[in-house]
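Asks: Protein chains in written order, with the working numbering: chain F, 43 to 249; chain V, 81 to 553. The beta-carbon is built from N, C-alpha and C at its ideal position, and this holds for glycine as well. One structure coming up, written as structure tokens, with questions to follow.
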């Protein structure tokens, strides 16, 4: 069993824009590695640094945002590639939760399975949160999966998240591998009865 | 009682059980892996002391990082070399079949699966790559997964998944000459939006889809993910069966009739209930080009680039951002836009049919790629390359000034040496026009069909391929 994730609390940073794709979150050249180590530094690299490697004006580069644990984003966040490198980079850069208007399907699944919380607010509440975060670098945001709300600056906004994901996070079952392994007898039966590639009393084309 | 969709039938045949979270544990018939998203998964397995449960259901190839101009090892890029060696080590250690470089079977994972007959109707298919939706063209339920899920499939041959809704997209009527599968899917994404498919599997049907070849159906299903749908599929039919017959991993002749009978029964019932139905008039579709930074930002070649002043306020911010990045003036025609690079290839349009189509346009247009334009053709697999060379397509391209390359993903996402430089603008038969997608942080991409790419390569600018082919009404 993993750690149960019921609340995430911390300072926040708003990364503006809709349809931020995974190529932007982690450019393809940083995928040339056989581990996820070190991905945190490559997060949003081409948005944060110019070609000479000098930092640009990006929210993640601002000194007052260092150590932020919550990222506030727009709509369609994480579209594009299935690369888990994207949520891994966000997690390894120190973030524990993302609050946005909507998330791409695969990104959401990948993030949830590594315990990176993704929740949505309705556009109006998200606008208020974004403005508040921009005005209050020291302010803390609370993402409360049990109460299903995001709290900041004395305000409360109801959050939405797919119930299966919420349940998995708050019960510490966000990584399902242990549960999947429990059913291996049944899985082996399916393997024996289901057609497979080249199956012919065994698997054709295999040495 | 209402009938069932193919999605429902396949789901029911593969659901092992419901998990405590409410997701389902789904059995996976076929797992495809490549060098980019699998090494970390094998690493996790090692840390957990787990093996690969069913190596006979996993197949590997190398596609993203392979150079397409030279094949001798070690590759110039040591990171690329390390990745291919890690894949070799992992597949050897776990008894997984690898279609390695030079085997005659290597290529883009979504090209190789179908051409080897690994991809079959009714299968659940996963791969650590979002364009796994391609395999849905065969009536498979195929979807991209993350690396931690690759680990899950290696360890258990199952994955935890929420069940999706199904949207039926009927494309009826008749496509006009010069309009192809790429134009159909760009039209669908533009119509339904890049987020339109979230929570849905797309079932494509209607007379246009039914008349399509398997390769064309693969192009449509491939880009389902660009419309936000994780899965896109077409019901299996005679076209599907004819494509599969005799392929190396397809059912053998003595079990063929039984296999076909089984596959026929998987198609959605005539009275199946859908969560949503969308009608598209195929006769209204024209050749498409994207102008922006996501695949939904597409216009026909006859249209003008949008003007932020004339779109809704919600859209204006994204339109502005896209125009600024693409360095395009609002309101002007896309036709006549100069290009620096032309790329024919990728899992969307790197199959034999795509190369034939591009070569046909090259022949019709005549002339040569003008100075200052780089044009490259990258076959989707070693087998596609061999077939194209047998037909003399490579010669047509070479004589017109295109570079003819070895198989790989190449300039779709530029993880190999094929990249845009600076703010070069490329017309590409690939699937994504995201910022920086083709390897330069300022690089710009116009997505189009292989025919449109070939026409633009020879003109040095965006042209209407129908004029080149003499079919413009």
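Tell me the rounded alpha-carbon separation between residue 373/V and residue 191/V.
Replies: Counted from its first residue, the second chain places residue 373/V at position 293. Counted from its first residue, the second chain places residue 191/V at position 111. For residue 373/V and residue 191/V, the distance between alpha carbons rounds to 26 Å.
Asks: Is there a Cβ from chain V that is less than 8 Å from the Cβ of residue 242/F?
Replies: The residue you call residue 242/F lines up with position 200 of the first chain. Residue confidence for residue 242/F is low, a pLDDT of 45 falling below 50, so the modelled location carries little weight and cannot support an answer.
Asks: Go ahead and pull the three-state DSSP assignment for residue 243/V.
Replies: The residue given as residue 243/V occupies position 163 in the second chain. In this structure, residue 243/V counts as coil in the three-state DSSP scheme.
Asks: Near residue 143/V, what residues of its chain come up, given a Cβ to Cβ distance below 7 Å and the 5 sequence neighbours on each side ignored?
Replies: Here residue 143/V refers to the residue found at position 63 when the second chain is read from its first residue. Answer for residue 143/V: 114, 187, 188, 189, 488 and 489, listed in chain order.
Asks: Would you call the CB atoms of residue 492/V and residue 510/V closer than 8 Å?
Replies: Taking the second chain and counting its residues from 1, the one referred to as residue 492/V is at position 412. Taking the second chain and counting its residues from 1, the one referred to as residue 510/V is at position 430. Yes, these two residues count as a Cβ contact at 8 Å.
Asks: Would you please verify whether the beta carbon of residue 89/V is less than 8 Å from any beta carbon of chain F?
Replies: For the purposes of this step, residue 89/V is taken as residue 9 along the second chain, with counting starting at 1. Closer than 8 Å: no.
Asks: In terms of residue numbering, what span does the alpha helix (DSSP H) encompassing residue 267/V cover?
Replies: By one-based count along the second chain, residue 267/V stands at place 187. Per DSSP, residue 267/V belongs to the alpha helix (DSSP H) from 261 to 272.
Asks: Of the choices 528/V, 332/V and 110/V, whose alpha-carbon is the least far from that of residue 61/V?
Replies: The requested residue 61/V is not part of the displayed model; chain V covers only 81 to 553.
Asks: Mind listing which residues of the stretch 149 to 170 of chain F have their C-beta closer than 7 Å to chain V's C-betas, in chain order?
Replies: Result list: 151, 152, 155 and 156.
Asks: May I have the straight-line CA-CA distance separating residue 351/V from residue 85/V, to the nearest angstrom?
Replies: Along the second chain, one-based indexing puts residue 351/V at 271. Along the second chain, one-based indexing puts residue 85/V at 5. So the two alpha carbons sit approximately 9 Å from each other.
Asks: Hey, does residue 274/V have any beta-carbon neighbour from chain F nearer than 8 Å?
Replies: Looking up residue 274/V in the second chain gives position 194. Yes, contact with chain F.
Asks: Reducing DSSP to helix, strand and coil, say where residue 62/F ends up.
Replies: For the purposes of this step, residue 62/F is identified with residue 20 of the first chain, where counting begins at 1. Three-state DSSP puts residue 62/F in coil, outside helix and strand.
Asks: Closer than 8 Å is the cut-off here; do at least three beta carbon pairs connect the stretch 220 to 235 of chain V with the stretch 520 to 537 of chain V?
Replies: Output reads no: the stretch 520 to 537 of chain V does not touch the stretch 220 to 235 of chain V.
Asks: Please classify residue 128/V as buried or exposed, where buried requires at least 16 neighbouring CB atoms within 10 angstroms.
Replies: On the second chain, residue 128/V is found 48 positions in, with the first residue counted as 1. That one is exposed.
Asks: Shorter than 8 Å from the beta carbon of residue 119/V to some beta carbon of chain A?
Replies: Of the protein chains in this structure, namely F and V, none is chain A.
Asks: Residues of the stretch 163 to 183 of chain V with a CB closer than 8 Å to any CB of chain F: list them in chain order, please.
Replies: Correct list: 163, 166 and 177.
Asks: Just by C-beta distance, which residues in the stretch 105 to 131 of chain V are closer than 7 Å to chain F?
Replies: Under the 7 Å Cβ criterion, the stretch 105 to 131 of chain V contributes 105, 107, 109, 110, 116, 117, 119, 120 and 123.
Asks: On a Cα-Cα basis, can you pick out the residue from 340/V, 275/V, 536/V and 404/V that is closest to residue 508/V?
Replies: One-based indexing of the second chain puts residue 508/V at position 428. Nearest C-alpha to residue 508/V: 536/V.
Asks: Got a sec: which bits of the stretch 63 to 92 of chain F sit with their beta carbon under 8 Å from any beta carbon on chain V, in order along the chain?
Replies: For the stretch 63 to 92 of chain F, which is checked against every Cβ of chain V, the residues closer than 8 Å are 63, 65, 66, 69, 70, 71, 73, 74, 75, 76, 77, 78 and 88.
Asks: Hey, residue 139/V and residue 204/V are a contact pair by Cβ (cut 8 Å); roughly how many whole angstroms apart?
Replies: Residue mapping note: residue 139/V aligns to position 59 of the second chain, counting from 1. Residue mapping note: residue 204/V aligns to position 124 of the second chain, counting from 1. Their Cβ separation, rounded to whole angstroms, is 15 Å, which puts residue 139/V and residue 204/V out of contact at 8 Å.
Asks: I'd like to know if residue 72/V contacts chain F, where contact means its C-beta is closer than 8 Å to some C-beta of that chain.
Replies: Because chain V here runs from 81 to 553, residue 72/V falls outside it and cannot be looked at.
Asks: Residues of chain V with a CB under 7 Å from the CB of residue 61/F: which are they?
Replies: Within the first chain, the letter at position 19 stands for residue 61/F. Here the neighbours are 274, 374 and 398.
Asks: Helix or strand or just coil, what does DSSP make of residue 54/F?
Replies: Residue numbering aside, residue 54/F sits at position 12 when the first chain is read from its first letter. Residue 54/F falls in the strand class under three-state DSSP.
Asks: How is residue 98/V classed by DSSP in three states: helix, strand or coil?
Replies: Translated into the one-based positions of the second chain, residue 98/V becomes position 18. The answer is strand: DSSP assigns residue 98/V an E or B state.
Asks: According to a CB-to-CB cut-off of less than 8 Å, which residues of the stretch 207 to 227 of chain F neighbour chain V?
Replies: For the stretch 207 to 227 of chain F, which is checked against every Cβ of chain V, the residues closer than 8 Å are 207, 209, 210, 213, 215, 217, 218, 219, 221, 222, 223, 225 and 226.
Asks: Closer than 9 Å by beta-carbon distance: list the chain F residues that pair up with residue 235/V, in chain order.
Replies: Reading the second chain from its first residue, position 155 is the one you call residue 235/V. Chain F residues near residue 235/V: 219, 222 and 223.
Asks: Can you look up residue 64/V in the DSSP assignment and give me helix, strand or coil?
Replies: Chain V is shown from 81 up to 553; residue 64/V falls before or after that span and cannot be answered.
Asks: Quick check: the stretch 251 to 267 of chain V against the stretch 291 to 298 of chain V, are there 3 or more CB pairs under 8 Å?
Replies: Touching, yes, given that three or more Cβ pairs across the two stretches are closer than 8 Å.
Asks: For a contact defined as C-beta to C-beta under 9 Å, what are the partners of residue 101/F on chain V?
Replies: Within the first chain, residue 101/F is the residue found at index 59, counting from 1. Neighbours of residue 101/F on chain V: none; closest Cβ ~16 Å, over 9 Å.
Asks: Please report how far the alpha carbon of residue 266/V lies from the alpha carbon of residue 376/V, in whole angstroms.
Replies: Reading the second chain from its first residue, position 186 is the one you call residue 266/V. Reading the second chain from its first residue, position 296 is the one you call residue 376/V. Distance between the alpha carbons of residue 266/V and residue 376/V: 7 Å.
Asks: Taking the runs of the alpha helix (DSSP H) that are 4 residues or longer, which of them lie wholly in the stretch 483 to 549 of chain V?
Replies: Here the runs fully enclosed are 530 to 539 and 545 to 549.
Asks: Can you give me the Cβ contacts of residue 73/F inside the same chain, cut-off strictly under 8 Å, excluding the 5 residues immediately before and after it?
Replies: In the first chain, counting from the first residue as 1, residue 73/F sits at position 31. If we look at residue 73/F and ignore the five residues flanking it on each side, its Cβ neighbours are 125 and 127.
Asks: Once DSSP output is grouped into helix, strand and coil, what is the label at residue 44/F?
Replies: As a working note, residue 44/F is residue 2 in the first chain. The answer is coil: DSSP assigns residue 44/F none of H, G, I, E or B.
Asks: At a Cβ threshold of 8 Å, is residue 104/F touching chain V?
Replies: The residue given as residue 104/F occupies position 62 in the first chain. Chain V, which has no Cβ nearer than 8 Å to the Cβ of residue 104/F, makes this no.
Asks: Could you give the distance in angstroms between the alpha-carbon of residue 110/F and the alpha-carbon of residue 192/F?
Replies: Counting from 1 along the first chain, the entry for residue 110/F is found at position 68. Counting from 1 along the first chain, the entry for residue 192/F is found at position 150. One C-alpha to the other measures close to 16 Å.
Asks: Ends of the beta strand (DSSP E) at residue 230/F?
Replies: Here residue 230/F refers to the residue found at position 188 of the first chain. Here residue 230/F belongs to no beta strand (DSSP E); instead the alpha helix (DSSP H) covers 226 to 235.
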